[in-house]
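J.: Quick one: the structure is below, questions incoming.
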Amino acid sequence: MKLAQLTVLNQRYTIKRTLGDPGPFDITYLGQDVDSEEEYIIREFFPVHLARRATEKTSVEIKGGEEEADLFDSGLEYFQKESQVLAQLSHEALPSSYDLFEANGTFYRVRPHPPSMSLRKGLNDKGQLSEKAALTLMIPVLEALHEAHENGLYHGGVSPRSIRLLEGGEVLLTGFRGAFFQLARETGDLSDLVQPGTSAVEQYTPRGQQGPWTDVY
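Structure below.
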C-alpha cells in the first residue's frame with residue numbers, strides 16, 4: 010500500500026520511511042530533498058477504503074466501480090482545495106511553506122520538517138503543564154487557527170499529536186484534516202477519524218455541523 014523506500018516524487022523528494030501507521034485517508038512519509046538533503050513531511054492522499062497500490066508500484070488504483078471512483082475524486086478535490094488554502098496562509102505557528110503536486114493518480118502535500126517533537130510526547134516525558142506554560146503554547150495555536158478560519162478552513166483534529174514543539178521554544182500546528190472529515194461524512198467512515206478525549210461531539214455523527222467551533226473545542 011505505501012510507497013517503497015527510495016521512491017522519488019516530483020523529481021525532488023526521496024522517500025526515507027513512513028511516519029506511523031497509514032491513516033484512513035492518507036499516508037505520511039519522511040522525505041529528503043535529493044539535492045539539499047533537507048527533510049520534509051510528505052502527505053499522500055490515500056483513502057484506504059477506496060484505493061489500493063500493487064506491490065512495487067507507485068500508481069494508485071480505485072477499488073470498486075463508478076461510485077467509489079466518484080468518492081475518491083470528491084475527496085481528492087477536498088484535499089487539493091484545503092492544501093491550496095494552507096499554502097497561502099502566513100503565521101509563525103503554521104508551516105513556513107508547502108509544495109503541492111499531483112502524481113501517481115493522487116495528490117501530495119509537502120512541508121519542511123524542522124527538528125521538533127509532538128506535544129503528546131512532551132506531556133508523556135514531563136507530565137502536566139502549568140497554566141502559564143499551557144497559555145504560552147496555546148495562544149499562538151489559537152492565533153494560527155483564527156488565520157485558518159478567516160480563510161475558510163477548519164483543522165478538524167487539534168490535539169497534542171498535531172501540535173509540534175520546536176527547538177527554539179516555538180510551536181507548530183500541523184495535521185489539518187478538515188478535508189478528510191468532509192469525505193468521511195460521504196463514506197460513513199467517521200469513526201476512523203475520531204480521537205477520544207479531543208474530538209468534538211459533532212465529529213461523531215454524519216449529521217454534526219463542523220466548523221471553527223469544532224477546533225475551539
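Under my numbering, the first residue of the sequence shown carries the number 10, and numbering increases by one thereafter. Just so you know, even glycine gets a beta-carbon here, dropped at the ideal spot from N, CA and C.
(1) Report back the beta-carbon spacing between residue 107 and residue 51 to the nearest angstrom; my notes put them in contact at under 8 Å.
(2) Who are the near neighbours of residue 115 in its chain, counting only those whose CB is closer than 8 Å to its CB and skipping five residues on each side?
(3) Could you name the residues that DSSP lists as bridge partners for residue 49?
(4) Answer yes if the stretch 207 to 226 comes into contact with the stretch 149 to 167, meaning at least three C-beta pairs across the two stretches below 8 Å, and no otherwise.
(5) What span of residues does the alpha helix (DSSP H) with residue 130 cover, start to end?
(6) Using a Cβ-Cβ cut-off of 7 Å (strictly less than) and excluding sequence neighbours within five positions of residue 93, which residues of its own chain qualify?
(7) What does the alpha-carbon distance come out to for the pair residue 172 and residue 63?
(8) In whole angstroms, what separates the C-alpha of residue 137 from that of residue 169?
(9) Apart from the five residues on each side of it in sequence, which residues of its chain come closer than 7 Å, Cβ to Cβ, to residue 89?
(10) Does the count of Cβ pairs from the stretch 37 to 45 and the stretch 18 to 28 closer than 8 Å reach three?
(11) Might you give, ordered along the chain, the residues of its own chain that have their beta carbon closer than 7 Å to the beta carbon of residue 71, omitting 5 neighbours on each side?
(12) Looking at the unbroken beta strand (DSSP E) that takes in residue 213, where does it start and where does it end?
(13) Would you decide whether residue 104 is buried or exposed? Buried here means 16 or more other CB atoms lie within 10 Å of its CB.
(14) Closest to residue 10 by C-alpha separation, out of 197, 33, 91, 198, would be which residue?
(15) If you scan the stretch 153 to 180 from start to end, which runs of the beta strand (DSSP E) of 3 or more residues do you find wholly inside it?
(16) Round the Cβ separation of residue 131 and residue 174 to the nearest angstrom and send it over; I've been treating them as touching at under 8 Å.
(17) Whose C-beta lies closer than 6 Å to the C-beta of residue 99 among residues of the same chain, with five residues either side of it excluded?
(18) Shortest alpha-carbon distance to residue 111 belongs to which of 141, 194, 184, 67?
T.: Well, looking at it:
(1) The pair is not a contact, with the Cβ atoms about 11 Å apart (cut-off 8 Å).
(2) 53, 54, 55, 60, 69, 85
(3) 40, 121
(4) The stretch 149 to 167 makes contact with the stretch 207 to 226, as at least three CB pairs between them are under 8 Å.
(5) 128 to 135
(6) 109
(7) 34 Å
(8) Near 12 Å, if we compare the C-alpha coordinates of residue 169 and residue 137.
(9) 116
(10) yes
(11) 59, 60, 77, 78, 81
(12) No beta strand (DSSP E) holds residue 213; DSSP gives it neither H nor E.
(13) buried
(14) 33
(15) 172 to 175
(16) With a Cβ gap of about 5 Å, residue 131 and residue 174 count as contacting.
(17) none
(18) 67
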